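Asker: What follows is a single structure, and I will ask about it in a moment.
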Amino acid sequence: MTVPGLALPWMRDGLAQAEAVPLLSRFGQPLQGRPARVIAAGPPAAVLTAALVPGQLLGWPARLPQGAQALLSPTLARLPVVGRLSGRGSTLGVEGLLALAPDVIIDAGTVDGFYRAQAERLAAQSGITCVLVDGRLPQNAQQLREVGALLGVPQRAEQLAAYADAVLAQAQQRRTRWNGDGPRFYLARGADGLETGWQGAINAELLEFVGLRNVAQTRGQGSVGRVSLEQVLAWNPDVIVTQQPGLAAQISADPRWRGIRAVQMARVWQVPSVPFGWVDGPPGINRLVGLRWLNLMLADGLHDISSTEDRTALQARVRHEAQVFHQLFYGTPADAVWPAESLP
82 MTVPGLALPW MRDGLAQAEA VPLLSRFGQP LQGRPARVIA AGPPAAVLTA ALVPGQLLGW
142 PARLPQGAQA LLSPTLARLP VVGRLSGRGS TLGVEGLLAL APDVIIDAGT VDGFYRAQAE
202 RLAAQSGITC VLVDGRLPQN AQQLREVGAL LGVPQRAEQL AAYADAVLAQ AQQRRTRWNG
262 DGPRFYLARG ADGLETGWQG AINAELLEFV GLRNVAQTRG QGSVGRVSLE QVLAWNPDVI
322 VTQQPGLAAQ ISADPRWRGI RAVQMARVWQ VPSVPFGWVD GPPGINRLVG LRWLNLMLAD
382 GLHDISSTED RTALQARVRH EAQVFHQLFY GTPADAVWPA ESLP
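Residue numbers for the sequence shown follow the numbering used here, beginning at 82 and rising by one.
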């Protein structure tokens, strides 16, 4: 597959190294043939399996954002909410799981001792094979290939993985060019924009992967935390990115934020959250379209687009690339009506 505007070598050294170690861990009985019924334990696994085998996924682990169904294939849009199995907030019990009669349970994310123990226990209690898919953003292409092989759709997996390879390689080239001196960003979260993702947290991984530098380097507890507006003013980021609907306009219009370089230079970027987030929510393969968006926004560095004509042209290209991604990964109908929250 060739992705428009991504005429690049498939894999840089760092990406090749990321694929050196297998990502799948299996618990319980070996699978007998191709699984026909798949349960996704949490949101990242749901997006992964929805892209690969929409007809085999039994349901969503949580309610989708309003307007999401319009951007999904009819098969995915009709799926019920069945509850989640992963993490400490599980809403699907063993009895309900058995009633769904899945052939395999798939969970995706950073695999640690807690998730391994949970998968082993669930496989023993239910008699259903559990598969954990390790990896973060750099391993998205490998995740697609390995899970696609597991589910019996290697050709579909290769089509999606080729897209991931190209987008990841382009982003890595940009990071290499910046060589640790990329523009500084602040990730604004929450209703007031004063929650952020700390440096190294998975919530900010997409932005850091392209070489942008996170101003929130003083790490608090957990992956996200509260900061004061005075702290953001002191950090004075070059760009502010938010996935909170409507927050970019709110920050841009608030006089208390006007002392920040990003606001002064009109670099407060609103990122879509429907049907899935481009930066986070969930931290899965859905972020590949966010990476493609960043590659376009940063094509000539962190430049300022002064003319209305240039802004319109960039917006049109971003929206075209969003449509390409959504049609490829989610089967979005060509005549879909895109909600405001689904495009930048």
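Idealized CB from N, CA, C, for every residue including glycine.
Just so you know, these numbers come straight off a predicted model, no measurement behind them.
1. What residues are listed by DSSP as bridge partners for residue 267?
2. Where does residue 104 fall in DSSP's three states?
3. Run through DSSP, which three-state label would residue 184 get?
4. Determine, using beta-carbon pairs with one atom in the region 169-181 and one in the region 125-135, whether at least three such pairs fall under 8 Å.
5. For the beta strand (DSSP E) holding residue 278, just list the boundary residues, first then last.
6. In chain order, what are the residue ranges of uninterrupted alpha helix (DSSP H) at least 4 long that sit wholly in the region 218-249?
7. How many Å lie between residue 181 and residue 207 at the Cα?
8. Among 287, 276 and 405, which has the Cα closest to the Cα of residue 302?
9. If you compare alpha carbons, which of 271, 406 and 264 is closest to residue 356?
10. Going straight from the alpha carbon of residue 160 to that of residue 149, what length do you get?
11. Would DSSP call residue 298 helix, strand or coil?
12. Could you tell me which residues DSSP puts in a beta bridge with residue 254?
13. Is the region 209-216 close to the region 180-200, with three or more CB pairs under 8 Å?
14. Give the secondary structure of residue 137 by DSSP, where H, G and I count as helix, E and B as strand, and everything else as coil.
15. Thinking just about the alpha-carbon of each residue, which of 134, 123 and 135 is nearest to the one in residue 144?
16. Taking the DSSP output, what are the residues bridged to residue 350?
17. Give a yes or no on whether the C-beta atoms belonging to residue 361 and residue 342 are separated by under 8 Å.
18. May I ask you to report which of helix, strand or coil DSSP gives residue 132?
19. Does the structure place the region 251-258 close enough to the region 360-377 that three or more beta carbon pairs sit under 8 Å?
20. One question on the structure: do residue 380 and residue 351 come within less than 8 Å of each other, judged by their Cβ atoms?
21. Assuming the contact rule is C-beta atoms closer than 8 Å, residue 245 and residue 221 should be a hit. Round their C-beta distance to whole Å, please.
22. CA-CA distance, residue 273 and residue 296?
23. One question on the structure: do residue 316 and residue 267 come within less than 8 Å of each other, judged by their Cβ atoms?
24. For residue 210, count the other beta carbons within 10 Å of its own beta carbon; 16 or more makes it buried, fewer makes it exposed. Which is it?
25. CA-CA distance, residue 348 and residue 321?
26. Please report the straight-line C-alpha distance between residue 417 and residue 151, rounded to a whole angstrom.
27. If I'm right that residue 369 touches residue 248 with Cβ under 8 Å, what's the distance once you round it to whole angstroms?
Answerer: Working from what's here:
1. 321
2. coil
3. coil
4. no
5. 276-278
6. 221-231
7. 11 Å
8. 276
9. 406
10. 12 Å
11. coil
12. The partner list for residue 254 (beta bridge, DSSP) is empty, contrary to what the question assumes.
13. yes
14. coil
15. 123
16. 322
17. no
18. helix
19. yes
20. no
21. 5 Å
22. 18 Å
23. yes
24. buried
25. 6 Å
26. 6 Å
27. 6 Å
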